[in-house]
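K.L.:
Under our numbering, the residues of the sequence shown are numbered -14 to 62, in order. Take this structure, written in structure tokens, and hold onto it; I'll ask about it next.
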Amino acid sequence: MSLPISVILLTLNSSATLRPCLDSLRAFAEVVALDNGSTDDTLAILAAYDNVKVYQHPFIGFGALRNLAIGHATYDW
-14 MSLPISVILL TLNSSATLRP CLDSLRAFAE VVALDNGSTD DTLAILAAYD NVKVYQHPFI
46 GFGALRNLAI GHATYDW
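Next comes the structure, spelled out in structure tokens:
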């Protein structure tokens, strides 16, 4: 049973550290990942996790991106 919580994750070329991060978030019902145009394997790694929803958007500032990602959350974040 997963915790009914949405985790917000902003990414950009994060493949080197992403797997351990996502592994640690498996207990949560949803990870909303908002990618800023990665050119490495970030998107492929994100797609491999069942609890991750992936969205893409150009960088518009940290706060604005975080708020955009929060808008996609299904649960409390």
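In this text, a Cβ means the ideal position worked out from N, Cα and C, and glycines have one as well.
For my contact list, Tyr63 and His57 are in at a C-beta cut-off of 8 Å; report their separation, rounded to the angstrom.
P.N.:
Outside the displayed range of the chain (-14 to 62) lies residue 63, so it cannot be described from this structure.
K.L.:
Of all the beta strand (DSSP E) runs that stay within the bounds of the stretch -2 to 33, which reach a length of 3 or more residues?
P.N.:
Runs found: 13 to 20.
K.L.:
What residues match up with Ser(-9) in a beta bridge as DSSP calls it?
P.N.:
Counting from 1 along the sequence shown, the entry for residue -9 is found at position 6. In the DSSP output, where bridge partners are listed per residue, Ser(-9) has Glu15.
K.L.:
Measuring straight from C-alpha to C-alpha, what distance separates Phe44 and Met(-14)?
P.N.:
Along the sequence shown, one-based indexing puts residue 44 at 59. Along the sequence shown, one-based indexing puts residue -14 at 1. C-alpha separation (whole angstroms): 34 Å.
K.L.:
What first and last residue would you give for the alpha helix (DSSP H) that runs through Ala54?
P.N.:
Stepping through the sequence shown from its first residue, residue 54 is reached at position 69. Phe47 to Ile55 is the extent of the alpha helix (DSSP H) around Ala54.
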